[in-house]
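Chains as they are written, first to last, in this note's numbering: chain A, 1 to 270; chain B, 1 to 270.
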């Protein structure tokens, strides 16, 4: 298992990001702290200089496990389940653009909030149809790039909140380049047992977010990370555990405590 | 310790209520399941027939540990921190009216969502001043009735989310008839340690809500209720543990499973 942390390539409204902007400076810090990779949160791939990112991360010996895409929902309203077909198409096109960048960076593409919020307007059947269609269209665009659906807690999302719902969706999207991203903070709210859910996801678990029960750095709350790492090992998970955390008490302390705490746990099992 | 469950006296938007409306019928069911009391969620005391409630509950040998008041915020927008002084006064008057009813029923009055949401408009200092002033004005109205502040998770509330913040507020409200209501569902998200927070609240803990990590009945998620009950016993808590839960898979099953599971735990320590 490898250790990562989320960094937004630009300022962003979404709060659970340790680092926002100042890519070169923050990437250097992350590298010094001993992380193996940086998960990039990118609103629009057009806004980033792909070759600059590549050479910067090469230099620092950091990989990019995944690209977060939710800002396109939070700041532009793009969504797979918007009643307006033009907006749904824009959301799909945005994910395809993210997949181009992801292929260059050998990263996966996260389908988090961009899948949208159905609210009371849209039936769950209609939302599911749009979601499955969008995922299939993106998945077949480039089967070399993995798309990862993140179950997100009920307060932020009403479409795939827990791992069982995620696995049910997997049954409907028959592309093996579509899998799951599990997040310990969301699972603490939604999943009756975090460990059973990890075992349920098993081979479809492509990426893992760590944040404690209060969304601070691991160790700040009551989630049992030793048990989570042990369970991930049991299912032979080889991917990243990547910190998507609040920048509290400040970004550097949050990152440093994540590195110290998680490195100790990972050393035991690696 | 005694066992309770929340019942709304009328239909309500708020989802975490096992029972809504049909007071006589539902109270009889609750009594048959062996609960000791019913926590009543009441939007406006004017809407209920006080003597009818009293005689009904007497007959069923049920007490009312507390009255929930949040529907006045959710459905009428009343709040202690609304920028409009007229609305703030209405919220205070509503709580005073709830206190009159509470005195009759020998119940406490919950200050949950009615304290309001400050958002970005109001500074935290201003919100705290309004909140403290409102609580003091209500507390001195009738010192025989207890007012209980419930820390509520960040997604539903931005004013007193965890127990430490609740205790800091207690220091500013110098009335002993103001205390805390802790809720296991909210604590699972906000409090680094549920047990430490119970010990922190200690003598100011007047009421306790039980719901599992997914807000279903206790036993449906991963919260360690045996440990919670043990910790409540350690601080010599004598009050109610009262289920504020989603009506899932349906209200009757949720209530019945709560009763069966919690009664077993309470038998061990009572």
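Beta carbons: idealized from backbone N, C-alpha and C, even for Gly. As the structure is a computational prediction, the values presented were derived from the model and not from experiment.
Item, Value
"Top-ranked residue by Cα proximity to residue 39 (chain A), from A:135, A:65, A:104", "A:65"
"From A:193, A:209, A:136, residue whose alpha carbon lies closest to that of residue 3 (chain A)", "A:209"
"Proximal residues, the region 203 to 221 of chain B versus chain A, C-beta separation under 9 angstroms", "212, 213, 214, 215, 216, 220, 221"
"Outcome for residue 85 (chain A) when other beta-carbon atoms lying within 10 angstroms are tallied against a minimum of 16", "exposed"
"Meets three-Cβ-pair contact criterion under 8 angstroms: the region 54 to 63 of chain A and the region 112 to 128 of chain A", "no"
"Residue 2 (chain B) in three-state terms, based on DSSP", "strand"
"Exposure label - residue 68 (chain B); buried when at least 16 CB within 10 Å", "buried"
"Contacting positions in the region 179 to 202 of chain B - beta carbon closer than 8 angstroms to chain A", "188, 189, 190, 191, 192, 193, 194"
"Beta-carbon gap between residue 214 (chain A) and residue 189 (chain B) smaller than 8 angstroms", "yes"
"Interface residues of chain B facing residue 155 (chain A) [CB-CB closer than 7 angstroms]", "155"
"Residue 217 (chain A) vs residue 1 (chain A) beta-carbon contact at 8 angstroms", "no"
"Beta strand (DSSP E) segment containing residue 11 (chain A), residue limits", "No beta strand (DSSP E) holds residue 11 (chain A); DSSP gives it neither H nor E."
"Proximity winner among B:180, B:36, B:70, B:268, relative to residue 12 (chain B) (alpha-carbon distances)", "B:70"
"For residue 279 (chain A), three-class secondary structure by DSSP", "The structure shown does not extend to residue 279 (chain A), since chain A is modelled only from 1 to 270, so the question has no answer here."
"Residue burial classification, residue 198 (chain A) (beta-carbon count within 10 angstroms, cutoff 16)", "buried"
"Pair within 8 angstroms by beta-carbon distance, residue 200 (chain B) and residue 164 (chain B)", "yes"
"One or two residues paired with residue 100 (chain A) in a DSSP bridge", "Note: residue 100 (chain A) sits in no beta bridge, so no partner."
"Nearest neighbour of residue 160 (chain A), chosen from A:143, A:175, A:180 [CA to CA]", "A:180"
"Three-way DSSP call (helix, strand, coil) for residue 37 (chain A) in this model", "strand"
"Close-in-space but distant-in-sequence residues of the same chain around residue 82 (chain B) (CB under 8 angstroms, 5 per side omitted)", "88, 91, 116"
"Limits of the unbroken alpha helix (DSSP H) element including residue 280 (chain B)", "The displayed coordinates of chain B run from 1 to 270. Any statement about residue 280 (chain B) would go beyond what the structure contains."
"For residue 52 (chain B), the nearest candidate out of B:27, B:212, B:143 (CA to CA)", "B:27"
"Run of the alpha helix (DSSP H) containing residue 269 (chain A), from where it starts to where it stops", "251 to 269"
"Distance, residue 191 (chain A) Cα to residue 132 (chain A) Cα", "22 angstroms"
"Per-residue DSSP class, three states only, for residue 146 (chain A)", "coil"
"Assumed close pair residue 75 (chain A), residue 43 (chain A) - CB separation to whole angstroms, cut-off 8 angstroms", "6 angstroms"
"Bounding residues of the alpha helix (DSSP H) (the contiguous stretch that carries residue 72 (chain B))", "71 to 74"
"Assigned exposure category for residue 37 (chain B) - 16 Cβ within 10 Å defines buried", "buried"
"Whether residue 202 (chain A) touches residue 138 (chain A) by CB criterion (8 angstroms)", "no"
"Beta-ladder partner(s) of residue 207 (chain B), from DSSP", "B:181"
"Host beta strand (DSSP E) of residue 240 (chain A) (start-end)", "240 to 243"
"Minimum C-alpha distance to residue 140 (chain A) - residue among A:230, A:99, A:46", "A:99"
"Reduced DSSP category for residue 114 (chain A) - H, G, I as helix; E, B as strand; rest coil", "helix"
"Test item: CB-CB of residue 41 (chain B) and residue 79 (chain B) under 8 angstroms", "no"
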